[in-house]
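So for the sequence shown, numbering that gives the first Met the number 0 puts the first residue at 0; every next one is plus one. Structure first, then comments.
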Amino acid sequence: MSFNSQKILIVEDEPSLIFTLRDTLENEGYTVQISENGNLALEKLKDFMPDIMILDVMLPGMNGFDVCKKIRDQKLTFPIIILTARDQEIDKVTGLNIGADDYITKPFGVKELLARIQARLRRTDDYNNAKPDKLNLGDTELDLNSAVVRRSDGDFSLTTREVEVLWFLARFANEPVSREALLESVWRYEHSTNTRTVDVHISKLRSKIELHPEDPKYLVTLHGVGYMLKMKKAGM
Ligand code: CA
């Protein structure tokens, strides 16, 4: 048995498939949780943020596509593999358009699903290794490689956590990002963190990257939504 700390959330309502998947994945060392419908899955994310989700389309209540869409609307970025019924080509297209990363057609062998999971988790690592070294906000340069902010009035050093927050906000530049999404991506829901943790870090970060933190130009608050990093994306 191999051990890893990676977490998988399976959203599926078919008892025999739940049993097989749980058994196989736990034997591979994954931490597995099950939700039998979409509402329970969305609720579960409040205390179990998975590294990857296996999501059935045909669920009681909300279908898998709607679950996927809600997750992506919240900027939660863990990979999602969708389980579709045989010959539902339309489902595959729909699934990939709404933010699923992969799909697998029922019936499938668990070994094949396992291979897809491993491939997808590796690809997530690739993303994590391909983060920008520098961001430019007007005259201010954020050198994320050396964790330094170069402003017209001096240099300020960034903490590792602040660099991670900036990476995530830059990935979704000019789009609203919720506190929950930051908690997921940057803090991984570590013990004793909550959305207040995010606010405190944003406030400190703002004092470093904004010339007028009380009237921020780049790292703005969207009331009732979260935060947004306003910047020109590469190539713009
Ligand atoms: Ca089902």
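C-beta: ideal position from N, C-alpha, C; glycine also.
Asked: Contact belief for K74 with F171 at Cβ below 8 Å, rounded distance in angstroms; Found: 6 Å
Asked: Nearest-residue set for ligand 1, Cβ under 7 Å from any heavy atom; Found: E11, D12, E13, D55, M57 and L58
Asked: Sequence ranges, alpha helix (DSSP H) only - wholly within the stretch 26-93, length at least 4; Found: 37-43 and 63-72
Asked: C-beta atoms of I103 and I79 nearer than 8 Å; Found: no
Asked: Presumed contact (8 Å Cβ cut-off) between P175 and M230, rounded CB distance; Found: At roughly 14 Å, the Cβ-Cβ gap does not stay under 8 Å, so P175 and M230 are not in contact.
Asked: Inter-stretch contact (C-beta, 8 Å, three-pair minimum) for the stretch 137-150 and the stretch 117-125; Found: no
Asked: Residue closest to D100, alpha-carbon to alpha-carbon, out of D50, N62 and N135; Found: D50
Asked: Candidates K105, N26, T19 and K45, of which the one nearest D55 by Cα; Found: K105
Asked: Straight-line Cα distance separating S177 from R71; Found: 11 Å
Asked: Straight-line Cα distance separating L24 from S1; Found: Below a pLDDT of 50, predicted positions are generally treated as unreliable, and S1, at 46, falls in that range; no measurement from the model is reported.
Asked: Under 8 Å between C-beta atoms of T196 and W186; Found: yes
Asked: Buried versus exposed call for H200 [16 or more other C-beta atoms within 10 Å across all chains shown]; Found: buried
Asked: Under the three-state DSSP convention, the category D101 falls into; Found: strand
Asked: F238 classed as buried or exposed, judged by whether at least 16 other C-beta atoms fall within 10 angstroms; Found: Any property of residue 238 remains undetermined from this structure, which presents the chain solely from 0 to 235.
Asked: Those residues which DSSP pairs with R140 across a bridge; Found: Before going further, note that residue 140 is Glu rather than Arg in the sequence given. Answer by DSSP bridge pairing, in chain order: N135 and R149.
Asked: is_contact[Q5, chain D] using C-beta, thresh 8 Å; Found: This model lacks chain D altogether, as it is built from one protein chain only.
Asked: Three-state secondary structure (DSSP) of F107; Found: coil
Asked: Alpha carbon of P215 to alpha carbon of D152, nearest angstrom; Found: 16 Å
Asked: Buried/exposed call for K45, threshold 16 Cβ in 10 Å; Found: exposed
Asked: Three-state class that DSSP yields for V162 in the structure shown; Found: helix
Asked: Option in E11, I208 and V219 with minimal Cα separation from R150; Found: I208
Asked: Same chain, Cβ closer than 6 Å to L16, five either side skipped, listed in chain order; Found: none
Asked: Coarse secondary structure for K229, derived from DSSP in three states; Found: coil
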